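*Asks:* Heads up: the sequence shown begins at 1 in full-length UniProt numbering, then just goes up one per residue.
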Amino acid sequence: METGYSHPSTYRESSSPMETCRLKGCFRSAISVIFIDIFAFAFGSGLVLFQLIRLWSCGKGFGLLIALGWILTNIVTVVCSVLITITLKDNHGVAFFNFLVVKACDILSKPRLIVGCYIPAVVLEVYSFALLCLNTASRPRAATQRLVSLLYKDGVVFFLVTLSTRLLNLILNISAPTSLAVLGISFGASLYSVSVARLHLRMSAISAEYDEDSLYEYEDLIQAHDLQDCVKKRNSIPLKQLN
């Protein structure tokens with residue numbers, strides 16, 4: 001009697017070429033999700049940090065420190081991901097479920113190294129958030145301007161969203177079941193991509209406004225300088241000649 005459910009197939013239990021092919025497809029899908037998530041976070045955080053360095057007009061040393069932290073974080077994440085890939089393949093951690101109508105892939109167990117993919121990222125987000133707050137607080141502002149509004153303009157929402165997604169993935173990978181941990185990775189990557197796109201457009205607009213304001217200030221300075229020259233020339237003319 002067919003119950004409509006078959007036990008999961010793993011690399012160790014696969015006996016037919018069809019099952020082996022399906023398991024390889026599941027393994028490739030799992031690895032693709034992991035690395036797409038890594039590159040989405042790396043590209044998004046790098047793009048935003050680059051815009052922040054431009055917007056803040058940071059010095060070379062400050063920008064170099066941020067770039068170095070970003071590079072080290074992504075190197076550690078990629079190394080941990082490669083080790084996770086090897087662990088999943090060697091320990092037969094990917095399975096194929098056949099429900100006759102629905103066929104699905106699943107990760108049977110969470111590799112311990114998956115936590116190492118998110119701890120450096122959380123550290124980088126906290127570091128970037130602290131730099132954002134210090135930079136905003138150190139800038140001169142009018143008495144009517146609130147610090148919260150300046151933080152919002154500098155992109156504090158992005159850092160709160162990214163930090164929360166990093167912490168969410170870290171907590172899910174430590175305490176939640178395997179299925180929820182995988183769901184957290186996909187949800188975090190999607191939310192992160194939307195936040196990066198919105199903040200990049202906002203920062204580009206702010207940068208253009210700053211450039212336009214700087215151009216107007218430069219033109220005002222030129223006009224003021226020309227006016228000062230005219231006043232000096234007028235003052236240098238004897239009073240008799242003016243009459």
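Beta carbons: idealized from backbone N, C-alpha and C, even for Gly.
None of the values given here were measured: they were computed from a predicted structure.
Would the region 33 to 47 and the region 71 to 82 be scored as touching if the rule is three or more Cβ pairs under 8 Å?
*Replies:* Verdict: yes, contact present.
*Asks:* Measure the C-alpha to C-alpha separation of Lys24 and Ile36 and round it to an integer number of angstroms.
*Replies:* C-alpha separation (whole angstroms): 18 Å.
*Asks:* Measure the alpha-carbon distance for Leu163 versus Glu125 and round it to whole angstroms.
*Replies:* 6 Å
*Asks:* Kindly indicate which three-state DSSP category Leu215 falls into: helix, strand or coil?
*Replies:* Note on Leu215: pLDDT 46, under 50, position unreliable in the model; the coordinate value appears next. Of the three classes helix, strand and coil, the one that applies to Leu215 here is helix, per DSSP.
*Asks:* Straight-line CA distance for Gly63 to Phe27?
*Replies:* 39 Å
*Asks:* Looking at the secondary structure, which residues open and close the alpha helix (DSSP H) in which Tyr127 lies?
*Replies:* In this chain, the alpha helix (DSSP H) harbouring Tyr127 covers Ile119 to Ser138.
*Asks:* In the DSSP assignment, what residue or residues form a beta bridge with Val94?
*Replies:* Ile107
*Asks:* Look up Val78 in the DSSP assignment and say whether it is helix, strand or coil.
*Replies:* helix
*Asks:* Once DSSP output is grouped into helix, strand and coil, what is the label at Arg54?
*Replies:* helix
*Asks:* In the structure shown, what three-state DSSP assignment does Leu68 receive?
*Replies:* helix
*Asks:* In whole angstroms, what is the alpha-carbon distance linking Ser109 and Arg146?
*Replies:* 49 Å
*Asks:* Given a cut-off of 8 Å on the beta-carbon distance, is the pair Pro111 and Thr73 in contact?
*Replies:* no
*Asks:* Can you tell me whether DSSP reads Thr178 as helix, strand or coil?
*Replies:* helix
*Asks:* If you count every other CB in all the chains shown that lies within 10 Å of the CB of Val101, and 16 or more means buried, which is it?
*Replies:* exposed
*Asks:* Mark Thr144 as exposed unless 16 or more other C-beta atoms lie within 10 angstroms of its C-beta, in which case mark it buried.
*Replies:* exposed
*Asks:* Can you check whether the CB of Ile84 is closer than 8 Å to the CB of Ile66?
*Replies:* The criterion of a C-beta distance shorter than 8 Å is not satisfied by Ile66 and Ile84.
*Asks:* When the distance is taken between beta carbons, is Val161 closer than 8 Å to Leu132?
*Replies:* no
*Asks:* Please name the residue, chosen from Leu151, Leu113 and Ser128, that lies closest to Arg139 on a Cα-to-Cα basis.
*Replies:* Leu151
*Asks:* Rounded to the nearest angstrom, how far is the Cβ of Val94 from that of Cys105, given a contact under 8 Å?
*Replies:* 7 Å
*Asks:* To the nearest angstrom, how far is the alpha carbon of Val33 from that of Val123?
*Replies:* 23 Å
*Asks:* Please determine, among Leu134, Pro120, Thr165 and Ala176, the residue with the shortest C-alpha to C-alpha distance to Ser81.
*Replies:* Pro120
*Asks:* Taking 8 Å as the threshold (C-beta atoms), are Tyr127 and Gly69 in contact?
*Replies:* yes
*Asks:* Can you tell me the Cβ-Cβ gap for Lys89 and Phe97, rounded? I've got them flagged as a contact below 8 Å.
*Replies:* Not a contact, Cβ separation roughly 19 Å.
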